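Just below is one structure, and these are the notes that go with it.
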Amino acid sequence: MRAYRKAAAGCALLLALATAGCSAQDGDGTSDADAGTPSASATTSAPGTAYAPYVSATTASDQDSAGSPTTYNLAFVLSSGDDCVPRWNGVQDIDDASATSRVERLKESGATLRVSFGGASGEELAAVCGNATDLAEAYGEALDAAGATRADFDIEGDELADTASAALRSEAIALLQEERSDLEVSFTLPVMPSGLDSDSLALLASANDHGVQVSTVNLMTMNYGESYDGDMGDYALTSAQAAHTQLQDVFGTSDADAWRGMALTSMLGVNDVAGETFTLADAAEVRAFAQEKGIAWVSMWASFRDRQCTDEAGADDAATDCSGVTQEAGAFGEAFGG
Numbered sequence: 003m004r005a006y007r008k009a010a011a012g013c014a015l016l017l018a019l020a021t022a023g024c025s026a027q028d029g030d031g032t033s034d035a036d037a038g039t040p041s042a043s044a045t046t047s048a049p050g051t052a053y054a055p056y057v058s059a060t061t062a063s064d065q066d067s068a069g070s071p072t073t074y075n076l077a078f079v080l081s082s083g084d085d086c087v088p089r090w091n092g093v094q095d096i097d098d099a100s101a102t103s104r105v106e107r108l109k110e111s112g113a114t115l116r117v118s119f120g121g122a123s124g125e126e127l128a129a130v131c132g133n134a135t136d137l138a139e140a141y142g143e144a145l146d147a148a149g150a151t152r153a154d155f156d157i158e159g160d161e162l163a164d165t166a167s168a169a170l171r172s173e174a175i176a177l178l179q180e181e182r183s184d185l186e187v188s189f190t191l192p193v194m195p196s197g198l199d200s201d202s203l204a205l206l207a208s209a210n211d212h213g214v215q216v217s218t219v220n221l222m223t224m225n226y227g228e229s230y231d232g233d234m235g236d237y238a239l240t241s242a243q244a245a246h247t248q249l250q251d252v253f254g255t256s257d258a259d260a261w262r263g264m265a266l267t268s269m270l271g272v273n274d275v276a277g278e279t280f281t282l283a284d285a286a287e288v289r290a291f292a293q294e295k296g297i298a299w300v301s302m303w304a305s306f307r308d309r310q311c312t313d314e315a316g317a318d319d320a321a322t323d324c325s326g327v328t329q330e331a332g333a334f335g336e337a338f339g340g
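Next comes the structure, spelled out in structure tokens:
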């Protein structure tokens, strides 16, 4: 998503995916990454699908609360490009007063916060930090500034194929989880109707090899390519089904646990790829599918785009602050929130 401007080792990962269904604090008061082996009843009675939109970490939007989110994904923590210091969007100090006050206002709704590292633009910290200890410290600083115990790693573009930064990131996350037993980790990855690509699967394998406990793999069901100009709701469901099979194969989970270890994030309205428009009907379709399958949470890019454009902007190209489709303000949030 755009930054705005616009076996033994495997057991740790498998445990986190298997317990995600019985421990989602996105609405029922429990934690998504509880340690320990789940009871039989816990694994068979997963809570409902939560709604967790991506929001600006620094600027409020009138649509933030639409759909009554149980978690907000704060976008994005990046490096400025030449140091191992976490900054909002790579430019704003992580403890800047405007950002901390924004975080507190979001918490007043009763929702929890997930800090998202990376995105499609800018330098993810793993690309510039010199060692795993410094990287873990940088991640921890951002989490502490937001008072969050949930970390999302949105890895895409060139950094997805960077095996060195993937290994460093995995090592740092493992160190952080050793220090913070309640830290819940998700990876946000691009997907196609055919499923996750080899780079995404290699990134998950790296996390697995380093003993990282991953509670959720969040699929970016968007921007497939110019040849995909059909129904975006159908593409999202097809992508989820293909990735579900991959998660079962890679992690050895059951059918239900593979669904519960998944999240879906769509780009509302006009996408970055010509011919791709995600409609309100698509949002309702994705929400119903996620609820049926027991998917952990659904999300969208982004709350500040959840309104109709006031002029011709967004009609053909994706606008940074509106959807490009006819809608009431907050309508996508209401659809995803169920």
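Heads up, our numbering is the position in the sequence shown plus 2, with the first residue counted as 1. Just so you know, even glycine gets a beta-carbon here, dropped at the ideal spot from N, CA and C. Every value quoted in this text rests on a predicted model; they were computed, and no experiment measured them.
Quick check: residue i and residue j, are their CB atoms within less than 9 Å of each other?
i: Ala205; j: Ala245; result: In the sequence as presented, Ala is not what sits at residue 205; that position holds Leu. No.
i: Thr51; j: Arg289; result: yes
i: Tyr53; j: Gly271; result: no
i: Gly235; j: Glu287; result: yes
i: Asp146; j: Ser172; result: no
i: Tyr141; j: Ala129; result: no
i: Ala62; j: Leu76; result: no
i: Ala96; j: Glu126; result: Rather than Ala, the amino acid found at residue 96 in this sequence is Ile. Going by C-beta atoms, Ile96 is not nearer than 9 Å to Glu126.
i: Val376; j: Phe334; result: Here the chain has residues from 3 to 340 only, and residue 376 is not among them.
i: Ala174; j: Ala138; result: yes
i: Ser81; j: Cys131; result: yes
i: Val79; j: Gly112; result: no
i: Ala292; j: Gln310; result: no
i: Ser149; j: Val105; result: With the sequence shown as reference, residue 149 is identified as Gly, and Ser is not the correct amino acid for it. Cβ distance < 9 Å, so Gly149 and Val105 count as in contact.
i: Thr165; j: Thr114; result: no
i: Leu162; j: Asp201; result: yes
i: Glu180; j: Asn225; result: no
i: Leu266; j: Ala283; result: no
So is residue i buried or exposed if we call it buried at 16+ other beta carbons inside 10 Å?
i: Val93; result: exposed
i: Thr281; result: buried
i: Asn133; result: exposed
i: Ser196; result: exposed
i: Arg107; result: exposed
i: Glu158; result: buried
i: Ala276; result: exposed
i: Ser183; result: exposed
i: Ser167; result: buried
i: Ser208; result: buried
i: Asp66; result: buried
i: Ser325; result: buried
i: Glu336; result: buried
i: Ser229; result: exposed
i: Thr247; result: exposed
i: Gly124; result: buried
For residue i, does the three-state DSSP call read helix, strand or coil?
i: Ser81; result: strand
i: Ala14; result: Confidence at Ala14 is low in this model, with a pLDDT of 42, below 50, so its placement is unreliable and no value can be given for it.
i: Glu125; result: strand
i: Gly254; result: coil
i: Gly213; result: coil
i: Val327; result: coil
i: Asp146; result: helix
i: Gln27; result: Per-residue confidence for Gln27 stands at a pLDDT of 41, beneath the threshold of 50, marking its modelled position as unreliable; the derived number appears in the next sentence. Coil, per DSSP.
i: Val105; result: helix
i: Met234; result: helix
i: Leu206; result: helix
i: Tyr141; result: helix
i: Glu336; result: helix
i: Arg182; result: coil
i: Arg309; result: coil
i: Gln51; result: The question names Gln, yet the displayed sequence has Thr at residue 51. DSSP places Thr51 in coil when its eight states are reduced to three.
i: Ser41; result: For Ser41, the predicted structure reports a pLDDT of 26, less than 50, and the residue's modelled location is therefore unreliable. The matter cannot be settled from this model.
i: Thr240; result: helix
i: Glu228; result: coil
i: Gln293; result: helix
i: Thr322; result: coil
i: Ser63; result: coil
i: Thr165; result: helix
i: Glu173; result: helix
i: Ala68; result: coil
i: Thr151; result: coil
Just list the residues that DSSP pairs residue i with in beta bridges.
i: Glu287; result: DSSP, once it has assigned bridges, lists no residue as partnering Glu287.
i: Leu221; result: Leu191 and Leu266
i: Ser301; result: Thr267
i: Leu249; result: Leu249 pairs with nothing; no bridge assigned.
i: Asn75; result: Tyr56 and Arg116
i: Asp156; result: Gly120 and Thr190
i: Trp90; result: Val79 and Gln94
i: Thr279; result: Val272
i: Gly197; result: Met194
> Does the stretch 287-302 come within contact of the stretch 262-274, defined as at least 3 CB pairs closer than 8 Å?
Replying inline: yes
> Should the stretch 213-229 be regarded as contacting the stretch 182-192, the criterion being three or more beta carbon pairs within less than 8 Å?
Replying inline: They touch, by the three-pair rule.
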